[in-house]
Amino acid sequence: MEHKLNADPAELAKFSALAHRWWDPESEFRPLHQINPLRLDWIDRQVGLQGKRVLDVGCGGGILADAMARKGADVLGIDLATKALKVAQLHALEAQTPRVAYREVSAEALAQEQPGAFDVVTCMEMLEHVPDPASVVCACQQLVKPGGWVFFSTINRNPKAFLFAIVGAEYVLQLLPKGTHEYAKFIKPSELAAYCRHAGLSLKGSCGMEYNPLTRRYWLSADTSVNYLLATQRADT
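The working numbering numbers the first residue of the sequence shown as 5 and each following residue consecutively.
Structural data, given as structure tokens:
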């Protein structure tokens, strides 16, 4: 069965154009570098990454995939942005990161090829950039083993999220390039939870991520009104 490619060419081009700056911690990707230890620790505390086979969907330049491999996981990162993947591969070579590989393939296509192949699947800061996020959620469920865990992070859709994630982050503080996000593509936690339930994933936990522009510090909290993460688990059968 052929899948229509679930990707927006404009989104792929946007991230490909910035690919060479992915591993510069002072670049447009500074927020990803800053939040990475938070999301890595949150995942690791729940599943114990050491020795796990992990898939990172929408891996970009490999910031999270690389970090999970350094925690002892065997990691495959997948993306459809060719230049970002080349940057991820080059960084893995230069940094001699063990147990990490990258492929240019969609989650839907890989789900057909390797169903139930992974202990853990992560899909971070990606769902708000694809035309059909529910399709990605279903593919993640198909890719993880029965009893395995799937982690998502994205941005809520409400006036506060518009103010913080677009006006504040892109225009006032210039933490992100203008046009990084489109408000209509933001996803409410209730919507993402419904996608998960429909796909056969049980919600096991959630948290929010906050930012203080004065101290330039991020932290995890119970406030999911802007950025948030969900932990889900596939049923055993």
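Heads up, the beta-carbon is just placed ideally off N, CA and C, and yes, glycines get one too.
Buried versus exposed call for residue i [16 or more other C-beta atoms within 10 Å across all chains shown]
i: Glu145; result: The identity of residue 145 in the sequence shown is Gln, whereas the question assumes Glu. Flag for Gln145 reads buried.
i: Asn216; result: exposed
i: Tyr175; result: exposed
i: Val134; result: buried
i: Leu131; result: buried
i: Leu218; result: exposed
i: Lys56; result: buried
i: Gly183; result: exposed
i: Thr126; result: buried
i: Thr86; result: exposed
i: Met5; result: Low confidence applies to Met5: its pLDDT is 46, below 50, so where it sits in the model is not reliable enough to give any reading.
i: Gln237; result: buried
DSSP state of residue i mapped onto helix, strand, coil
i: Asp48; result: helix
i: Ala226; result: coil
i: Glu214; result: strand
i: Ala169; result: helix
i: Arg74; result: helix
i: Ala11; result: coil
i: Ser31; result: coil
i: Arg220; result: coil
Own chain partners of residue i with C-beta closer than 7 Å, once the 5 adjacent residues on each side are dropped
i: Ser139; result: Asn10, Glu112
i: Leu84; result: Ala11, Leu16, Glu108, Ser110
Beta-carbon contacts of residue i that lie in its chain and below 6 Å, excluding the five residues immediately before and after
i: Gly151; result: Asp240
i: Ala73; result: Val79, Thr101, Arg103, Val104
i: Pro181; result: Glu32
i: Arg45; result: First, the residue type needs correcting, since residue 45 is Asp and not Arg in the sequence shown. Here the set comprises nothing.
i: Leu233; result: Ser157, Cys211
i: Val109; result: Ile82
i: Lys247; result: The requested residue 247 does not occur in the structure, where the chain is confined to residues 5 to 241.
Boundaries (first-last residue) of the beta strand (DSSP E) holding residue i
i: Tyr106; result: 104-108
i: Thr158; result: 148-159
i: Leu2; result: Residue 2 lies beyond the stretch modelled for the chain, which goes from 5 to 241, so this question has no answer here.
i: Thr236; result: 231-238
Distance cut-off 6 Å: residue i Cβ against heavy atoms of the ligand NAD
i: Trp46; result: Questions concerning the ligand NAD fall outside what the structure shown contains, since it holds no ligand whatsoever.
Boundaries (first-last residue) of the alpha helix (DSSP H) holding residue i
i: Ile82; result: Unbroken run through Ile82 is the beta strand (DSSP E), 78-83; no alpha helix (DSSP H).
i: Cys200; result: 193-203
Sequence-distant residues of its chain with Cβ nearer than 8 Å to residue i (five each side left out)
i: Lys164; result: Ser229, Val230
i: Asp12; result: His133, Val134, Pro135
i: Lys149; result: Gly120, Ala121, Phe122, Asp123, Arg238
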